[in-house]
Amino acid sequence: MLSRLQDFLSRHRRKLVVTGALVGGTIYAARYARRKLVEYQEKQARDFFERTRRMHHFESTERTCNQVILGMGEEMCQAVLKECSTDELLEQLRQNPSNKLELWEQMKIVSFTRLATFIYASSMLVIALRVQLNLLGGYIYRDIMNEQSQITDELKQQYLSLIRHFITDDGITDLARYIRTKVLEVLKAMPLTRQLSLADTEQIFWSLQMAINGDTRHDPNSRMSKYLLPDVSRVQQRKNCSPQLLQMYNETLDLLESEDCVSVCSQNVSRGFVLSCDAIAESMGDSLQQLAPSESVNKESSSSQTNNNNLLNINTVLLALAKIIPIISGLTSRGYDSAARPHSLATQLLSFYVVAEKSKMLGANVYETFSSG
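Take 7 as the starting number for the sequence shown in the working numbering and just add one per residue.
Structure representation (structure tokens):
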């Protein structure tokens, strides 16, 4: 019996070896495939949980960002009102002085300067805080995932305090003074008696925007970091200035000077002037209802419109520049206040910039870059 078994094995050795190899290989391949499938499923689960965790952290960062923007936006508006105050001019005008014309010329410059400063400053602040808080959020997320403590509470405070330069140091002041020089270029020669339509007002805003953006050394879009953040030498002089703070400062500078930030800021500013024109048109309509017929230059058009169910086509109305100045001054006389009704222009601008899709996308891209670096 044993000899017959040996003889069988001898005659079929190759077949048995091949069969054993195939069976063994199949079993090994099945086990390998099962192990790889388990590893793949585990990796998919880890990636899903990481994405979910990152998304929740990003959403939390965004909520914090919006709150900080609106909180600091209120301070920023007060700084603009202080820098471009018309209180003294209005007080002098109430006394009916002999130099009334000169005072109205000053009101013209200050009113347009304040409007443009609100538009640029609001956009710049929103972009800066979107960049800062999402950059910081990305670093914090990496600390959480790597179980590190690279970002300390002191470092957070030092980094976020950099934007205070814009509000409490020289930023708003430098921006307003630069914009004032461009307002003078555009409007100084324009008489107060100049009759303007809404389209003419839009053209003034366009000319003003082009003049402000045209100076490559001071353009608030491409050189916004010049106004927003202190010089690096002042950062280095701070107490407990760490290499990590300097790295984050330089990364913030690079982001603020990037094409994405410049593009978003420029688009925000353009939209801000459009919102301002809409607000002026609404105020012009309200003001015209209170004017005597002789005060409207477009008498025939006004009469026709009155007969047509008192409907008013604001685009056909002409008003003297001297009558538009109080409208602009009134629109910019109040800062951010979400509770006040109707909303001031400053409130409308900040609220729009906070929810602007491209601004939010910019923040998301910054967070993605620094949370996965």
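Cβ coordinates follow ideal geometry from the N, Cα and C atoms, glycine included.
Asked: Cross-strand partners of residue 326 (DSSP beta bridge); Found: 201
Asked: Terminal residues of the alpha helix (DSSP H) in which residue 320 lies; Found: It is not in any alpha helix (DSSP H) - residue 320 carries neither H nor E in the DSSP assignment.
Asked: Residue 328 to residue 267 span [Cα, whole Å]; Found: 37 angstroms
Asked: For residue 249, the first and last residue of its enclosing alpha helix (DSSP H); Found: 249 to 262
Asked: C-beta contact flag for residue 217 and residue 89 at 8 angstroms; Found: no
Asked: Range of the contiguous alpha helix (DSSP H) that encloses residue 126; Found: 106 to 152
Asked: Selection from 62, 142, 175 and 123 that minimises the alpha carbon distance to residue 341; Found: 123
Asked: Rounded separation between residue 232 and residue 106 - CA only; Found: 37 angstroms
Asked: Residue nearest to residue 248 in terms of C-alpha spacing, selected from 161, 215 and 339; Found: 161
Asked: Rounded straight-line distance, which links the Cα of residue 230 to that of residue 142; Found: 20 angstroms
Asked: Whole-angstrom C-beta distance between residue 215 and residue 280, which should lie under 8 angstroms; Found: The Cβ separation is near 11 angstroms, so there is no contact.
Asked: Rounded distance between the beta-carbons of residue 261 and residue 372, thought under 8 angstroms; Found: 6 angstroms
Asked: Residue burial classification, residue 38 (beta-carbon count within 10 angstroms, cutoff 16); Found: exposed
Asked: Backbone CA spacing between residue 95 and residue 151 [nearest angstrom]; Found: 58 angstroms
Asked: Straight-line gap, residue 87 to residue 335 (C-alpha atoms, nearest Å); Found: 11 angstroms
Asked: Distance between beta carbons of residue 74 and residue 203, contact taken as under 8 angstroms; Found: Contact doesn't hold; Cβ gap of about 41 angstroms is too wide.
Asked: Contact the region 103 to 121 vs the region 187 to 200: 3+ CB pairs below 8 angstroms; Found: yes
Asked: Nearest-angstrom Cα separation, counted from residue 148 out to residue 378; Found: 7 angstroms
Asked: C-alpha distance - residue 376 paired with residue 155, whole-angstrom precision; Found: 16 angstroms
Asked: Alpha-carbon spacing of residue 358 relative to residue 112, whole angstroms; Found: 30 angstroms
Asked: N- and C-terminal bounds of the alpha helix (DSSP H) containing residue 352; Found: 351 to 361
Asked: Other residues of its chain near residue 99: CB distance less than 6 angstroms, five sequence neighbours each side excluded; Found: 109
Asked: Nearest neighbour of residue 132, chosen from 58, 253 and 70 [CA to CA]; Found: 70
Asked: Backbone CA spacing between residue 224 and residue 353 [nearest angstrom]; Found: 26 angstroms
Asked: Backbone CA spacing between residue 65 and residue 367 [nearest angstrom]; Found: 13 angstroms
Asked: Where residue 137 falls, given that 16 or more other Cβ within 10 Å makes a residue buried; Found: buried
Asked: Residue 78, buried or exposed, once every other Cβ within 10 Å from all chains shown has been counted against 16; Found: buried
Asked: Buried versus exposed, by CB contacts within 10 Å (16 or more), residue 355; Found: buried
Asked: Nearest-angstrom Cα separation, counted from residue 198 out to residue 211; Found: 16 angstroms
Asked: Residue 265 versus residue 349 - alpha carbon distance; Found: 32 angstroms
Asked: CA nearest to the CA of residue 174, picked from 285, 222, 102 and 80; Found: 80
Asked: Range of the contiguous alpha helix (DSSP H) that encloses residue 177; Found: 177 to 193
Asked: Alpha-carbon to alpha-carbon, residue 270 and residue 83; Found: 21 angstroms
Asked: Nearest neighbour of residue 127, chosen from 178, 92 and 101 [CA to CA]; Found: 178
Asked: Length of the line joining the Cα atoms of residue 243 and residue 135; Found: 23 angstroms
Asked: Counted within 10 angstroms of its Cβ, other Cβ atoms place residue 382 as buried (16 or more) or exposed; Found: Any property of residue 382 remains undetermined from this structure, which presents the chain solely from 7 to 379.
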